[in-house]
Amino acid sequence: METKKTRNTEKQNLVKDILSNTEHTMSAEDIMAAMPIKVNKTTIYRILDRFAEKGEVHFVTGKNGKAYYALCNNCGVSHNIHNHIHFECQRCKEVTCQPNTLHIPNLEGFTIQETQFLVIGICNKCK
Ligand SMILES: [Zn+2]
Ligand SMILES: [Zn+2]
Ligand SMILES: [Zn+2]
């Protein structure tokens, strides 16, 4: 039991390290490939879900339907509402968090629990 707990913490820390060392967002597959130890995809998703619940990680769904994850740095007061733009490059397929934020209108009678903003185009590196 004890060892399992330690190993889980170790895996969580590794995922966090990988995400903090990248300038763009990463899919669960990208993270799995970057892990120095063998971890299955289900475990990666479980770790990411837990981080997302705690407001430490957020994600955006790319054009291909995959979720791309990033560490929360300046995500604002409300952890669930990430009102910044994400840019997906059609050439290199990198999805990056952009500093630009959007104003989320108050939707009368609706409760907003999550926001995702994706802009698609060609990035600076691929121009
Ligand atoms: Zn965030
Ligand atoms: Zn690009
Ligand atoms: Zn972001």
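Per this note's numbering, residue 396 is the first one in the sequence shown, and the count goes up by one each step.
Using N, Cα and C, we set each Cβ at its ideal position, and we do this for glycine too.
Just so it is clear, the structure is predicted and the values come from calculations on it, not from any experiment.
Comparing the CB of residue i with every heavy atom of ligand 5, is any distance shorter than 6 Å?
| i | result |
| --- | --- |
| H419 | As for ligand 5, it is missing from this structure, which binds only ligand 1, ligand 2 and ligand 3. |
Helix, strand or coil: which one does DSSP assign to residue i?
| i | result |
| --- | --- |
| T420 | coil |
| V366 | Residue 366 is absent from the model: the chain starts at 396 and stops at 522. |
| E535 | This structure gives no information on residue 535, because the portion of the chain shown stretches from 396 to 522. |
| K436 | helix |
| E509 | coil |
| M427 | helix |
| K522 | coil |
Is the closest heavy atom of ligand 1 to the C-beta of residue i under 6 Å?
| i | result |
| --- | --- |
| H481 | no |
| H498 | no |
Should residue i be listed as close to ligand 3, given that the test is whether its C-beta is under 6 Å from any heavy atom?
| i | result |
| --- | --- |
| C518 | no |
| A465 | yes |
Please list, in chain order, all residues of the same chain as residue i whose beta carbon is under 8 Å from its beta carbon, the five residues on each side excluded.
| i | result |
| --- | --- |
| Q407 | I442, R445, F446 |
| N478 | G471, T496, L497, H498, I499, T510, F512 |
| T411 | The identity of residue 411 in the sequence shown is Lys, whereas the question assumes Thr. Excluding positions up to five away in sequence, the list reads F446, E451, L466. |
May I ask whether a heavy atom of ligand 2 can be found less than 6 Å away from the beta carbon of residue i?
| i | result |
| --- | --- |
| C487 | yes |
| C484 | yes |
| C492 | no |
Based on the DSSP secondary-structure assignment, which residues constitute the bridge partners of residue i?
| i | result |
| --- | --- |
| G450 | G450 pairs with nothing; no bridge assigned. |
| T456 | A462 |
Please list, in chain order, all residues of the same chain as residue i whose beta carbon is under 6 Å from its beta carbon, the five residues on each side excluded.
| i | result |
| --- | --- |
| F482 | T491, Q493, V514 |
| E489 | H419 |
Among the residues of its own chain, which have a CB less than 7 Å from the CB of residue i, if the five just before and after it don't count?
| i | result |
| --- | --- |
| M427 | V434, K436, I439 |
| K520 | C487 |
message = So within the region 459 to 497, which uninterrupted alpha helix (DSSP H) runs reach at least 4 residues, ignoring any that extend past its ends?
response = none
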